[in-house]
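**Q** Residue numbers (the numbering used here): 35 to 725.
Listed below in structure tokens is the structure:
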């Protein structure tokens, strides 16, 4: 039964969906450049296209826009052609089955461990990194058998008595205190009498017999519900050394994929510039203001002096971990999860022999594989398009905003990114179908695309619906609970309604290439002929950043297209103008070059439509943990709860729900429910006021 969106506050629309891949990438020999101005070549075209863009939602400027002087002395704003080219090429690739130019085929995600520890009986023990190469550990010093779990607060007190500040992971010392059998079958030291001869990690080489502490961001607590129950693992170092091979180091790097520390590192490298990759990060016990110690960032890099868990099998290091309950690597690299022909053009010998995809023919291609690096060879193809800057028609006054935290993409979330397996697979306890498993590797759904959803209109809608005195903020604006979040940053927006004019030049382009370029600029040319009622619809492209927030939606109109054939340009005083407005035979022509591209266009006809969500257009959000009765609250923004509740994981006594992302239908005219149920936090008290 259909759900009435105006009455529903317990459903949401994920900000993105996926445009399916065609069966294969059609490659052909490109026209080249040596004969572009040959009189006999009437099949190639040159000229210029004038485009007018209008912002339908605010455009997020990069943090460097002022330093790069995007605003001239008269107050007019210019968007660089390189940025505009990226948006046009991305849409062109999606529409016409282009290869995957930006593609890390070796990517494998990392996942949090389920709640089961790494036991010493399984070969796990503490160790300290002694040697590394550019952050990749190559040798470790082992600790002896079982560690002692030391009360973190008591260790902090002992440090302060010794006149020192915070315990730091990897510190070595001599420790005194009574060890007892803990309630979870391990040795615990609830009270530290003293610590002496404290040395920071990596400062000493004569560490055998000394104790070393491992501090993590995943506190191991007593089973008793005491507020202080946080313990650190402390081991006794031996003189035994072990080499670390490249494979366990690689899996450790992959396990850190998706960690907050890795995202922070990639987002703001300047934060780490004055320190090595092994950055110490304060750790706070939940609900308390006291900082109990410092840990090293889980970035994937390890340096001498860092304490870690290692797994030994027959004396060989097999695995590395930063905690007993930490993270693990998925299986099946990204390159095994896409159709083989979708590898980037010029990077695969077999595909290179076939030529280029239409997108690479139009926009250009280069070999990014690195195979010929250092050999004095460079394989590439210059495109036939030059994208000029888009200049505002009037004065632009950017609007400052504190942007809400914008997380890194998480392709490891198979519940959204991978094709739905349909029937529940047979799972072992603690296995989840959302994780990237081994053979056969489930394929990725397609190209990721964001819905258009005006954040300001959404805020106005819920403000009117709820009638609350508190203001409902647009979803791109930081909320009060983001005050101390380092990922909430000051940025600038270009106001809705701003118009830009741009000139695009083409030279030596084929008719198919030209028509496909015009369709990428104005998708209406193709989408109007797919059977859906396209009259009155507005199709838009995303420009700039902030796509998950609905920022940067822009509609384009080709206002002028002065195109002539290359042959006539040099042989005729009055060359015949190319009839660019005719689209009657365009699909048939493009199918000859791009293959079966219409399935992708059917999906794009919904997701590029500014009103493609219909009555659900105001329900766009990353998976919330509260209903729309409190949009933007702290609980509402706890997106991780959805994945924890609906990941299909098999547990000892039951199996969690499995709620994958809805699939865009092939028929653009069919009915489609884009929503999912909100994963409400059941632990909240009924009637509790929004925070």
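Just so you know, even glycine gets a beta-carbon here, dropped at the ideal spot from N, CA and C.
Please classify residue 529 as buried or exposed, where buried requires at least 16 other C-beta atoms within 10 Å of its C-beta.
**A** Locating residue 529 in the chain shown gives position 495, counting from the first residue. Its Cβ having fewer than 16 others within 10 Å, residue 529 is exposed.
**Q** Let me know the beta strand (DSSP E) ranges lying completely inside the stretch 425-479, each 3 residues or longer, listed in chain order.
**A** 433-437
**Q** Going by Cα to Cα distance, which pick from 675, 680, 638 is closest to residue 699?
**A** Residue mapping note: residue 699 aligns to position 665 of the chain shown, counting from 1. Considering only alpha carbons, the answer is 638.
**Q** Is residue 513 closer than 8 Å to residue 492 when the C-beta atoms are compared?
**A** One-based indexing of the chain shown puts residue 492 at position 458. One-based indexing of the chain shown puts residue 513 at position 479. In this structure, residue 513 does not lie closer than 8 Å to residue 492 by Cβ.
**Q** Got a sec, what are the start and stop residues for the alpha helix (DSSP H) residue 677 sits in?
**A** For the purposes of this step, residue 677 is taken as the residue at position 643 of the chain shown. Its alpha helix (DSSP H) spans residues 674-679.
**Q** Just reading off the alpha helix (DSSP H) that residue 542 is part of, what are its end residues?
**A** As a first step, residue 542 is located in the chain shown; it is residue number 508 there, counting from the start. Counting along the chain, residue 542 falls outside any alpha helix (DSSP H), though it belongs to the beta strand (DSSP E) covering 533-544.
**Q** Three or more beta-carbon pairs under 8 Å between the stretch 89-108 and the stretch 528-546, yes or no?
**A** yes
**Q** Quick one, are the C-beta atoms of residue 200 and residue 325 less than 8 Å apart?
**A** Here residue 200 corresponds to residue number 166 of the chain shown, with the count starting at 1. Here residue 325 corresponds to residue number 291 of the chain shown, with the count starting at 1. Yes.
**Q** So the candidates are 397, 690, 454; which of them puts its Cα closest to the Cα of residue 115?
**A** Sequence index remark: in the chain shown, residue 115 carries index 81 (1-based). Measuring from the Cα of residue 115, the nearest candidate turns out to be 397.
**Q** With a Cβ-Cβ cutoff of 8 Å, do residue 463 and residue 684 count as a contact?
**A** As a working note, residue 463 is residue 429 in the chain shown. As a working note, residue 684 is residue 650 in the chain shown. Yes, the pair counts as a contact, with Cβ atoms nearer than the cut-off.
**Q** Let's test the definition: count the other Cβ atoms within 10 Å of the Cβ of residue 269 and tell me whether it reaches 16, buried, or not, exposed.
**A** To locate residue 269, count along the chain shown from 1; it is residue 235. Residue 269 is classed as buried because its beta carbon has at least 16 other beta carbons within 10 Å across all chains shown.
**Q** Scan the stretch 103-137 and note each continuous beta strand (DSSP E) run of 3 residues or more that stays entirely inside, going in chain order.
**A** 110-113
**Q** Here's the rule I'm using: 16 or more other beta-carbon atoms within 10 Å means buried, otherwise exposed. How should residue 222 be labelled?
**A** Position 188 of the chain shown, counting from 1, holds the residue named residue 222. Looking at its Cβ environment, which holds 16 or more other Cβ atoms inside 10 Å, residue 222 is buried.
**Q** Is it true that the stretch 360-372 meets the stretch 279-295, where meeting means three or more beta-carbon pairs spaced less than 8 Å apart?
**A** yes
**Q** Apart from the five residues just before and just after residue 127, which ones in its own chain have a Cβ nearer than 6 Å to its Cβ?
**A** Within the chain shown, residue 127 is the residue found at index 93, counting from 1. Excluding positions up to five away in sequence, the list reads 393.
**Q** Judging by CA-CA distance, which residue of 191, 42, 65, 143 is the nearest neighbour of residue 418?
**A** As a position in the chain shown, residue 418 is number 384, starting the count at 1. The shortest C-alpha separation from residue 418 is found at 65.
**Q** In whole angstroms, give me the CA-to-CA distance for residue 251 and residue 478.
**A** For the purposes of this step, residue 251 is identified with residue 217 of the chain shown, where counting begins at 1. For the purposes of this step, residue 478 is identified with residue 444 of the chain shown, where counting begins at 1. Rounded to whole angstroms, residue 251 to residue 478 spans 32 Å at the Cα level.
**Q** Output yes if chain C places a C-beta closer than 8 Å to the C-beta of residue 47; else output no.
**A** Here there is only one protein chain, and chain C is not present.
**Q** To the nearest angstrom, how far is the alpha carbon of residue 144 from that of residue 375?
**A** Within the chain shown, numbered from 1, the residue matching residue 144 stands at position 110. Within the chain shown, numbered from 1, the residue matching residue 375 stands at position 341. Approximately 26 Å between the Cα atoms of the pair.
**Q** Nearest CA to the CA of residue 146: which residue from 455, 359, 657, 81?
**A** Numbered from its first residue, the chain shown carries residue 146 at position 112. Residue 146 has its Cα closest to that of 359, out of 455, 359, 657, 81.
**Q** Per DSSP, residue 345 is paired with what?
**A** Counting from one through the chain shown, the residue named residue 345 turns up at place 311. Residue 345 is bridged to 158, 353.
**Q** Once the 5 residues before and after residue 275 are set aside, which same chain residues still bring their CB inside 8 Å of it?
**A** Along the chain shown, read from residue 1 onward, the residue named residue 275 stands at position 241. Around residue 275: 164, 173, 174, 175, 176.
**Q** What is the DSSP secondary structure of residue 388, counted as helix, strand or coil?
**A** Your numbering for residue 388 matches position 354 in the chain shown. Coil, per DSSP.
**Q** Would you identify the three-state DSSP class for residue 573, choosing helix, strand or coil?
**A** Working through the chain shown from its first residue, we reach residue 573 at position 539. If DSSP states are grouped into helix, strand and coil, residue 573 belongs with the strands.
**Q** Whose CA, out of 647, 48, 661, 85, lies closest to the CA of residue 596?
**A** Mapped onto the chain shown, residue 596 falls at position 562. Per the Cα distances, 85.
**Q** Identify, in the order they occur along the chain, each residue of the same chain with its Cβ nearer than 7 Å to the Cβ of residue 581, setting aside the five sequence neighbours on each side.
**A** Against the chain shown, residue 581 aligns to sequence position 547. 484, listed in sequence order.
**Q** With H, G and I counted as helix, E and B as strand and the rest as coil, what does DSSP make of residue 624?
**A** Translated into positions along the chain shown, residue 624 becomes position 590. In the structure shown, residue 624 sits in a helix (DSSP, three-state: H, G or I).
**Q** Can you tell me whether DSSP reads residue 100 as helix, strand or coil?
**A** As a working mapping, residue 100 is identified with position 66 in the chain shown. The answer is coil: DSSP assigns residue 100 none of H, G, I, E or B.
**Q** Looking at residue 430 and residue 139, is the spacing between their C-beta atoms short of 8 Å?
**A** The residue you call residue 139 lines up with position 105 of the chain shown. The residue you call residue 430 lines up with position 396 of the chain shown. Taking 8 Å as the Cβ cut-off, residue 139 and residue 430 do not qualify as a contacting pair.
**Q** Spatial neighbours of residue 346 within its chain, please: CB distance less than 6 Å, with the 5 preceding and 5 following residues excluded, ordered by chain position.
**A** Counted from its first residue, the chain shown places residue 346 at position 312. For residue 346, where only same-chain residues beyond five positions count, the Cβ hits under 6 Å are 157.
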